[in-house]
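This report refers to the structure that appears directly beneath it.
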Amino acid sequence: MNSEGRSVQNPLATLDLSRFRIDSESFVGQVIELGTRFEKLPPNVGDALLGFLRLQGLHYGKRYRSGIAIRRENLEHGVRQALISMDLGLEARAESDLNQAVDIIAQGDFEACRKRGYEIAFFRLQEMAQMCRALLLRPEVKFLQSEYRAISRWATAVPETWMRPQDDDEDESQLVDPKRDYEAYQVAFRRLAFLRSIPKAALTEVEMAVEARTYDGLLRNLILALALDMESLLPSDVQIEAFRQRCFEEGKMREEVRSKVFELMDRQLESSVEDIEDRLAIRSEFEAEVEFLEEVSCSPFTGVFLLPDQPEGDG
-19 MNSEGRSVQN PLATLDLSRF RIDSESFVGQ VIELGTRFEK LPPNVGDALL
31 GFLRLQGLHY GKRYRSGIAI RRENLEHGVR QALISMDLGL EARAESDLNQ
81 AVDIIAQGDF EACRKRGYEI AFFRLQEMAQ MCRALLLRPE VKFLQSEYRA
131 ISRWATAVPE TWMRPQDDDE DESQLVDPKR DYEAYQVAFR RLAFLRSIPK
181 AALTEVEMAV EARTYDGLLR NLILALALDM ESLLPSDVQI EAFRQRCFEE
231 GKMREEVRSK VFELMDRQLE SSVEDIEDRL AIRSEFEAEV EFLEEVSCSP
281 FTGVFLLPDQ PEGDG
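Residue numbering for the sequence shown follows my numbering, starting at -19 and increasing by one per position.
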């Protein structure tokens, strides 16, 4: 067989590495940009890394081929897996220090970074699968309607392959990203930790009365309840208007109301969410909802809060 024939059958020849972006959105991309800008890394370091990724894609493709031929999809998955592993491993070895990471890349030991990152990825995916299966059994998960499908999918993740089975809306199995998906999982996990601190009776009342439950809507209901010293999270129309009239002035929440709400909220977060960064993240979500309420406070709060569903035919 001539060389042209071999080239046509070589799956690496059709592997488009331009699809795998090594840019400033990734840690390794930031490192390469910094290192080349200050001439601490050779100009061809990006090409060297792409060559390494191509080789990793080939290894993965050979390992998971079902016959003699190597599927292009497996090559691409192998490259993607290696790149994410590199990113995780380099950041871990450098302890998130860009200058230290430049020195590590300069040594050219891409494989050590990949191996370290693969270990991190494996345990992340293992954690996601185990914890998401447990989260699906928690009643509070019903208040994370936008995240529920993702949690259900992460629960089926296979750590060894980074894949999960397709669901009813998909044609094939899908990648679970141990970097981006793990970050989204952490958001859902901390939100559920906070939701567990809300009295069960109050949550159950909302669950039974409201079908379209959203997390941000629940936060707004909670802000109103704290401001008006309500035990229930379901306000009446009169209470909603009282909240608007008494707690806002010229598009801003009154300072004494803001102080009261956040003092109560901080107290609740300290007792329910252990991690300081998680507490700060949830507090930021509350601040965002207060800002939203301020923006719309000059007109009636129509469609702002979670309210009991109206029986069909009413209205």
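The C-beta atom is built at its ideal place from N, Cα and C for all residues, glycine as well.
- Here the alpha carbon of Ile50 sits roughly 23 Å from the alpha carbon of Glu150.
- Here Val138 carries a strand assignment [DSSP, helix/strand/coil].
- Relative to the Cα of Arg60, the nearest Cα in the group Gln219, Phe169, Val190 and Gly37 belongs to Gly37.
- Close CB contacts of Phe169 within its chain, under the 8 Å cut and outside five residues either way in sequence, are with Met111 and Leu115 (chain order).
- Proximity to Thr194 across Leu78, Glu71, Phe285 and Val8 peaks at Phe285, based on C-alpha coordinates.
- Inside the segment 70 to 136, DSSP marks whole alpha helix (DSSP H) runs of 4 or more residues at positions 78 to 86, 90 to 115 and 125 to 134, from first to last along the chain.
- Contact annotation: Gly31 and Ile12 have beta-carbon atoms that are not nearer than 8 Å.
- In this structure the segment 157 to 168 does not lie against the segment 180 to 190, because fewer than three pairs of beta carbons, one per stretch, are closer than 8 Å.
- A distance below 8 Å separates the beta carbons of Gly15 and Val82.
- The continuous alpha helix (DSSP H) containing Gln248 extends over residues Glu235 to Ser252.
- Per DSSP, the beta-bridge partners of Met143 are Val138 and Leu155.
- In terms of Cβ geometry, Ser65 and Gly97 form a close pair [threshold 8 Å].
- When C-alpha distances from Phe266 are compared across Asp255, Leu249 and Cys278, the shortest belongs to Leu249.
- Leu33 is positioned such that its CB atom lies no closer than 8 Å to that of Ala74.
- In the DSSP assignment, Phe281 falls outside any alpha helix (DSSP H) and carries neither an H nor an E.
- 8 Å or more divides the Cβ of Phe242 from the Cβ of Arg234.
- Put simply, the backbone Cα of Pro280 is about 16 Å away from that of Glu271.
- Per DSSP, Phe18 lies in no alpha helix (DSSP H) and is assigned neither H nor E.
- Per the coordinates, the alpha-carbon of Met108 lies some 26 Å from the alpha-carbon of Gly9.
- Taking a 10 Å sphere around the C-beta of Asn201, we find 16 or more other C-beta atoms and assign the residue as buried.
- Rounded to the nearest angstrom, the Cβ distance from Trp142 to Pro158 is 7 Å, consistent with a contact under 8 Å.
- Excluding its 5 nearest sequence neighbours in each direction, Gly58 has C-beta neighbours in its own chain below 6 Å: Gln36, Gly37, Tyr40 and Gly41, listed in chain order.
- In this structure, the beta-carbon distance from Leu172 to Leu124 falls below 8 Å.
- Between Leu105 and the set Ala137, Gln87 and Asp148, the nearest pair of CA atoms involves Ala137.
- Counting only runs of 3 or more residues that sit fully inside the segment 158 to 233, no beta strand (DSSP E) segment turns up.
- Taking C-alpha positions only, Ser177 is separated from Asp289 by approximately 25 Å.
- Arg259 counts as buried, since no fewer than 16 other beta carbons sit within 10 angstroms of its beta carbon.
- By the criterion of a C-beta distance shorter than 6 Å, Glu56 is surrounded by no residue of its chain, once the five residues flanking it on both sides are discounted.
- Spatial neighbours of Ile262 in its own chain (CB-CB distance under 8 Å, excluding positions within 5 residues in sequence) are listed in chain order as Arg170, Arg171, Phe174, Leu249 and Val253.
- Residue environment for Pro215: buried (at least 16 other C-beta atoms within 10 angstroms of its C-beta).
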